[in-house]
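According to the working numbering, the sequence shown holds residues 4 to 184 in order.
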Amino acid sequence: MALVLDTWKAARSMFKGLGVTIREFFSPPVTVQYPDQQPRISPLFRGHPVLLSDEAGKLKCTACMACARACPVGAISIESARGEDRKMYPKAWNLNMGRCLQCNLCVEACPFAALGMGTRFETAVDSPDGLIYDLETLAELGRTQPYSRIMVGQKLTPAEAAQGSGADAAQPGGEKGAEVS
Ligand code: SF4
Ligand code: SF4
4 MALVLDTWKA ARSMFKGLGV TIREFFSPPV TVQYPDQQPR ISPLFRGHPV LLSDEAGKLK
64 CTACMACARA CPVGAISIES ARGEDRKMYP KAWNLNMGRC LQCNLCVEAC PFAALGMGTR
124 FETAVDSPDG LIYDLETLAE LGRTQPYSRI MVGQKLTPAE AAQGSGADAA QPGGEKGAEV
184 S
């Protein structure tokens, strides 16, 4: 009797597993043929910080250093200067991507909404020097790439999370961007 029961349990388990396999076999694939196809990137994705500009294309950054102080790994280095209008501006703003944890703390710390987390993910380089992003690079990425600004404790609706911000749904940074803060 025990043998019959064990055989029945094994057969049931096998057919259950086969059922899952067959169901998944006929389901639409969730993978894409990268790099021929670009994946859809969730608005929750945090690539690396980018510098944001206002409608006139002027950087919002005032070189206040709050982001550099908030960064737990010292990935941000800023050189400030004073303009002819006596206002501070970043003469240099460097991000060491080799150190960056993509933690979003600098975005949260910025009092001028001058930073966003870009959704760019293809950051492989063949030399450590290529991991240093300067002001011009980060400003250009902030103007042309999708980015997000998500504050601590903020929750996205399922629709917002499912919306994606991949190549076909990309909203370049700037007036609207992919801002979800
Ligand atoms: S994302 Fe985190 S680790 Fe990267 S620069 Fe900002 S604060 Fe530093
Ligand atoms: S916190 Fe914002 S305004 Fe201040 S230096 Fe960093 S990016 Fe610029």
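The C-beta atom is built at its ideal place from N, Cα and C for all residues, glycine as well.
Fully enclosed alpha helix (DSSP H) runs of no fewer than 4 residues occupy 69 to 73 and 108 to 112 of the segment 63 to 115, in order along the chain. Under DSSP, no beta-bridge partner is assigned to P149. In the three-state DSSP reduction, V7 falls in the helix class (H, G or I).
The segment 98 to 111 and the segment 128 to 139 touch, with no fewer than 3 CB-CB distances between them shorter than 8 Å.
No heavy atom of ligand 2 is found nearer than 7 Å to the CB of I153. Set against 7 Å, the gap from the CB of Q148 to the closest heavy atom of ligand 1 is not smaller.
Linking T140 to V33 through their CA atoms gives a straight-line distance of about 33 Å. At least one heavy atom of ligand 2 lies less than 7 Å from the C-beta of A117. Where G119 is concerned, the enclosing beta strand (DSSP E) starts and stops at L118 to G121.
Counting along the chain, L47 sits inside no beta strand (DSSP E), nor does DSSP assign it H or E at all. Inclusion of E111 and V53 in the CB contact set at 8 Å is not warranted, their separation being larger than that value.
For L55, no beta strand (DSSP E) segment is defined, and its DSSP state is neither H nor E. Closest in C-alpha terms to L144, from the list G60, C70 and S45, comes G60.
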